[in-house]
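Protein chains: 2
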Amino acid sequence: MEPPYIVIIASGSEITAGRSLDTNSGWMANQLFELGWKVKKFITLPDDPDLILSELQTLKELTKSKPVLALMTGGLGPTEDDYTLETVLKLSGKKSYSVEKAKIRLQRIYESRGKQYSDILPTVMRQTHVPEDCKILDNNVGIAVGFVEPIGVDSYLVCMPGVPSEMKEMFTRRLTPELKRIYPRENLVQKTKWLWNIGESLYQKDFVEAHRDELFSGVEWGVTANRGYIKCIFQSTDLAKLEKIISELESQYPKIISDDVFTFVHEELVAKKLTIAVGESCTGGLLGKKLTDSPGSSSYFIGGFLTYSNEMKESLLGVPSDILNQFGAVSRETAEAMVRGISEKTKADYSISITGIAGPDGGTDTKPLGTVWIGIKSPDGSIETHSYIFPGNRESIRENASNTALFLLYQSLKQRKV
Amino acid sequence: MEPPYIVIIASGSEITAGRSLDTNSGWMANQLFELGWKVKKFITLPDDPDLILSELQTLKELTKSKPVLALMTGGLGPTEDDYTLETVLKLSGKKSYSVEKAKIRLQRIYESRGKQYSDILPTVMRQTHVPEDCKILDNNVGIAVGFVEPIGVDSYLVCMPGVPSEMKEMFTRRLTPELKRIYPRENLVQKTKWLWNIGESLYQKDFVEAHRDELFSGVEWGVTANRGYIKCIFQSTDLAKLEKIISELESQYPKIISDDVFTFVHEELVAKKLTIAVGESCTGGLLGKKLTDSPGSSSYFIGGFLTYSNEMKESLLGVPSDILNQFGAVSRETAEAMVRGISEKTKADYSISITGIAGPDGGTDTKPLGTVWIGIKSPDGSIETHSYIFPGNRESIRENASNTALFLLYQSLKQRKV
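Residue numbers (the UniProt record's numbering), protein chains in the order written: chain A, 1 to 418; chain B, 1 to 418.
This is how it looks when you write it as structure tokens:
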């Protein structure tokens, strides 16, 4: 079967008015890429039944020439401006019915809140409805039921809630197996590596172009630029090819390559029962925030110091005023003294300090905007300091600095492991 | 003239592959909303000249029945996969020429980097090209020139670079005056207020529906849900009507209404030369990060403590172990003791503490998931503590807690001002 022409539709006036950002479409496109499919188009529409219907009619028309897979989010909620079900019924000429399982679930939710079944408003009940003769997608997070509606030969319209947590669970657990069944294809394997502080185009020239003939036949590749690192993605039905690419990548970039540092750092600190504390100047708490993003981080993150002013560097972390005066707050010496202070006050296994110039002001000829020193003290007592000049604006410099600090932690944990 | 049917197009395979998020379309829609226009559709396409051309042809066809304004970003860069100019030339049957001013600008940029004019690659030079007989939109940030191409009666295709900083400058400084000239209309005024810890639908029912007949004729309204607050937007050509709405809103919600707290807190702390320090448990640095997002925050933010573990609450902030044992880490007493500790150690004018259960684990019957205590000590020495039960997942609870802490700071600063 020809691969389907895939369109992703997001409905919601809050999106087309620019008051809310649609993150669902990109997330789904990414999932579909991992399944080996490319999306041809995103469409975003306001909550306007005429506009939605006309768009769906155009897609239905298109199914006459090729298989179409349309994935739509939003418009399944309980409010007046939720039109998805109504529009799909108009498109198909079908009637809807209430899914028994979803009705029981809704009833239980109401009862757990001390309400009666009879309190359920018709608009709320409508969320349990789907068109006749469609494939139902259960919602295990919220109330609105999703569904897969046939719209032509090998062509389907998938409707899912717009709430990201509901859509994601439904997509992963319910829709993905269904799509694999409808559009069978060879199993794809995907490998991802991160490269630190290197530009996308340099990587493309020095690695992808340089090895294209020798390594890349039958391999799809992609690259995403992030703050501090690029994510290199490789996809193929042939695992051996991918392993060869990864091994080449590792030998070409031994010092700047990593796996997902956020996941690795979390898992490794938990597994080895190691603790960590931080001291942040220019990042103002961003590193601590990132270290506590994951549930369970309390097993390793014990705390830290936000020493934004020089006075706080002295009083909270005992950085000698001599050092601040002689070398400045953004210096190897200050980063090192901060790390010693964090370690003394917290007794953590790992201590990390960040001090830098996030701007927009404060840059000089010798310490330009973006200059950041990062100190790291390992469980064996050794201290390393690293300096960087990060590009971009204030936000970019702060993101770069805190991500790179996690990369240094990754490297240190990795060395211990070896 | 009939208001134009507005379509926003983003081109870029990195977007339709889900590797990059399109923030341009929403930003433009928001700007257009402020000009009084609603967008009918967003379209996102991969870097595929056939797909782009076919979409533009559909829009050109549509101009036969109504005025169309299409705003497209991306595809004007120097790489192989930039197809916008080529596609527009195919659509219009026109030729392109190099804009003299842009050529000179490009030459200067090259010279400032120590390169020759002759070093400029043809693909780079292409960025100075526009179709014949179009309105040029200068690029003062980057190189690629934007343009407004007529595509039918009162209908235009606007092409701008995809780099957000370039597009935004071009939109604001070059395109907006042009749009006002092409589609003249009465001046709109916009007012925005924030309401804290109230649901969108409750606000809609209790305020908008309740006052619809009396206050809302000739007024457009919108609402955006954020973490901890909703943003209420009102728009009209009649300022008096807006002022009446705002005054009614203030009298109905005196305790939970605010302006943009991020801006107000920053400006007020700078203006009054007040300092602030924080102590964070469950937010792990997020409040410090938010307080240092704006350039110039070093004038008020001096530092803080990340006391994630109970040991750190004791050793860094001197929270008595009795309090932690008797009342727990998430309690009024701990929030108060934290605030006292912050104040003693930093001597800041304002001290703010946050301690709560961000989950997913740790909730109990008496302290459910989302329970957060916030303490605030004002310059006059008074301490207030507030408790909340925030909804959602870990990320949502942490965002809610840190935003609400800023709202408490807002209220305290506002009271001083009165």
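The beta-carbon is built from N, C-alpha and C at its ideal position, and this holds for glycine as well. Just so you know, these numbers come straight off a predicted model, no measurement behind them.
Per DSSP, G152/B is one residue of the beta strand (DSSP E) stretching across G146 to G152.
Only exposed fits N140/B, as fewer than 16 other CB atoms lie within 10 angstroms of its CB. Going by beta carbons, L76/B and P161/B fall inside the 8 Å limit. Not a single CB atom of chain A sits nearer than 8 Å to the CB of N325/B. At a cut-off of 8 Å, the C-beta of T16/B has a neighbouring C-beta in chain A.
K313/B places its beta carbon less than 8 Å from that of T334/B. Secondary-structure assignment with DSSP links G363/B through no beta bridge to anything. Residue contact with chain A for L286/B: present (Cβ-Cβ distance below 8 Å to some residue of chain A). When C-alpha distances from T275/A are compared across D119/A, I342/A, I323/A and T176/A, the shortest belongs to I342/A. Distance check between K90/A and each of E100/A, D119/A, V130/A and R108/A places V130/A closest, using alpha-carbon atoms only.
With respect to T23/A, T44/A sits apart: the two C-beta atoms are not nearer than 8 Å.
The Cβ atoms of S281/A and T263/A lie no closer than 8 Å to each other.
By the C-beta density criterion, A271/A is exposed, having fewer than 16 other C-beta atoms within 10 angstroms. As a beta-bridge residue in DSSP terms, I352/B pairs with V278/B and I376/B. In the three-state scheme derived from DSSP, where H, G and I count as helix and E and B as strand, W27/B is classed as helix.
Excluding the 5 residues flanking it on each side, T404/A has same chain C-beta neighbours closer than 6 Å at G228, in chain order. Your pair M170/B and G146/B checks out as a contact, with CB atoms roughly 5 Å apart and the cut at 8 Å. Proximity of L53/A to chain B, defined by a Cβ-Cβ separation below 8 Å, is not satisfied.
In the structure shown, the three-state DSSP call for Q235/A is strand.
Proximity of the segment 216-236 of chain B to the segment 93-104 of chain A falls short of the contact definition, fewer than three beta-carbon pairs being nearer than 8 Å. Taking 8 Å as the CB threshold, I376/A stays off the interface with chain B. Around the C-beta of Y300/A, 16 or more other C-beta atoms lie within 10 Å, and the residue is accordingly described as buried. Around the C-beta of M1/B, fewer than 16 other C-beta atoms lie within 10 Å, and the residue is accordingly described as exposed. According to the DSSP assignment, K60/A belongs to the alpha helix (DSSP H) that extends over P49 to L62. A contact is defined here as three or more CB-CB pairs under 8 Å, and the segment 229-239 of chain A meets this definition with respect to the segment 182-194 of chain A.
Listed along chain B, the residues sitting closer than 9 Å to D361/A by beta-carbon distance are P295 and G296. Counting along the chain, S315/B sits inside the alpha helix (DSSP H) bounded by residues N310 to L317.
For a cut-off of 8 Å, the C-beta gap from G218/B to S236/B is around 6 Å, short enough to register as a contact.
Only residues of its own chain outside the window of five on either side were considered, and among them S20 have a CB closer than 8 Å to the CB of E14/A, listed in chain order. For M160/B, the enclosing beta strand (DSSP E) stretches over residues S155 to M160.
Think of a sphere of 8 Å around the beta carbon of R185/B: no beta carbon from chain A falls inside it, the nearest being about 18 Å out. Beyond the five residues adjoining it in sequence on each side, V148/A comes within less than 7 Å, by CB distance, of C134, K135, L137, Y156, V158 and E178 in the same chain, given in chain order. Contact check for I374/B against H386/B passes: the beta carbons are separated by less than 8 Å.
Counting along the chain, the unbroken beta strand (DSSP E) around P131/B starts and ends at H129 to P131. Identification of chain A residues near G74/B by a Cβ-Cβ cut-off of 9 Å yields none; the smallest Cβ-Cβ distance measures about 13 Å.
From the listed residues N310/B, W27/B and L35/B, the smallest Cα separation to P3/B is found for L35/B.
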